Amino acid sequence: QAELDVKEKALFGEASYAFSDQWTLTLGARWFNTDIRRYSLDEGIVADGTTTVGDNDETGVNPKVLLDYYLSEDVHFYGSATKGYRNGGVSSFIPEFCGEDVAAPSAPYDSDSLWSYELGAKSTLAEGSTYLNGALFRIDWDDIQQARRYACGFSQIINAGKARSTGFELELITIPTEGLTLDFGVGYADAKIRSDNPGIIPQDGDRLLQVPEWTGSASANYD
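Take the position in the sequence shown, starting the count at 1, then add 13; the result is the number in our numbering.
Laid out in structure tokens, this is it:
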């Protein structure tokens, strides 16, 4: 038996100012409030009738900064810095079966957050028949929500560790003849854990799961 109630409120706004025909600065922010309530009843040999009850209430602001430079009508450079987050929650209890040194009631864990930095360019070439876009990026991830596992088989979600991902993306779109569009893309990401934490399996230097080092795409469309 389990119940999870999540309520989220948010306000977002941004403003742009053009210093000239070439330079534009955009500032934005997103205010949020999340209220997460969890209840569960666990039954069985180890945790008969034990309940997980908890409340996690968080408030924060995520800023955004974007600077655009238009070299010409066909070439556009930009740089950005933005912050994002993932909701926290309430972790399960650790029963006395696991030992007095680790047994603990259910406890809230905070949201994890990241800063994303990007430098890029977008261009239109060959009289509008070809588009070349590229970007360099860096993502710093803090207070990662990870599972601390115990020898008894139970685990608890905690905020632990940092990670960093750096890389680039390139995209080429071309129209060699009327009706035919070719699209090619390639990306690289060096995404690794940047800290050691007791009881957490990923350690400093390990690659992040589900983040491929290289990605590629190719498509052709004819109308």
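We treat Cβ as the ideally placed atom computed from N, Cα and C, and that holds for glycine.
All values derive from a computational prediction rather than experimental measurement.
Three-state class that DSSP yields for residue i in the structure shown
i       : result
Glu-191 : coil
Ala-139 : helix
Phe-45  : strand
Glu-86  : coil
Phe-106 : coil
Asn-234 : strand
Leu-17  : strand
Leu-222 : coil
Ile-152 : strand
Pro-76  : strand
Phe-32  : coil
Ile-206 : strand
Ile-186 : strand
Asp-217 : coil
Best match in the options for proximity to residue i [C-alpha to C-alpha]
i       : options                            : result
Phe-25  : Val-19, Leu-40, Glu-16             : Leu-40
Tyr-82  : Ile-214, Tyr-163, Ala-31           : Ala-31
Pro-121 : Cys-111, Lys-175, Thr-65, Trp-154  : Thr-65
Leu-132 : Asp-217, Val-74, Thr-179           : Thr-179
Arg-161 : Ile-214, Asp-114, Leu-195, Arg-177 : Ile-214
Ser-53  : Glu-21, Ser-104, Glu-86, Val-74    : Ser-104
Gln-169 : Ser-119, Ala-204, Tyr-144, Thr-190 : Ser-119
Leu-17  : Glu-27, Thr-37, Trp-36, Thr-47     : Thr-47
Val-74  : Tyr-201, Gln-216, Ser-126, Pro-211 : Ser-126
Glu-229 : Gly-218, Ala-202, Pro-211, Asp-236 : A small correction: the amino acid at residue 229 is Gly; Glu does not occupy that position in the sequence shown. Comparing Cα-Cα distances from Gly-229 to each of Gly-218, Ala-202, Pro-211, Asp-236, the minimum goes to Ala-202.
Thr-37  : Tyr-91, Asp-209, Arg-177, Gln-216  : Tyr-91
Tyr-130 : Lys-77, Arg-220, Pro-211           : Lys-77
Run of the beta strand (DSSP E) containing residue i, from where it starts to where it stops
i       : result
Asn-172 : 168-172
Glu-113 : From DSSP, Glu-113 is part of no beta strand (DSSP E); its letter is neither H nor E.
Gly-101 : No beta strand (DSSP E) contains Gly-101, which DSSP labels as neither H nor E.
Arg-162 : 158-162
Ala-120 : 120-122
Rounded C-alpha distance that separates residue i from residue j
i       : j       : result
His-89  : Gly-192 : 26 Å
Ser-33  : Thr-137 : 21 Å
Ala-23  : Arg-99  : 14 Å
Arg-207 : Asp-70  : 28 Å
Phe-150 : Thr-95  : 12 Å
Thr-72  : Gly-101 : 11 Å
Ser-93  : Ser-29  : 13 Å
Thr-187 : Leu-80  : 27 Å
Val-255 : Leu-183 : This structure cannot settle anything about residue 255, because the visible part of the chain is limited to 14 through 236.
Ala-173 : Ser-124 : 11 Å
Ala-164 : Leu-195 : 53 Å
Ala-231 : Leu-185 : 10 Å
Ile-171 : Gln-159 : 6 Å
Trp-227 : Gly-166 : 35 Å
Pro-108 : Asp-114 : 11 Å
Asp-156 : Pro-189 : 48 Å
Lys-175 : Leu-222 : 14 Å
Leu-145 : Lys-135 : 6 Å
Trp-154 : Gly-218 : 14 Å
Ile-49  : Val-19  : 5 Å
Val-224 : Phe-181 : 14 Å
Phe-197 : Glu-21  : 39 Å
Asn-210 : Phe-106 : 20 Å
Gly-67  : Asp-55  : 14 Å
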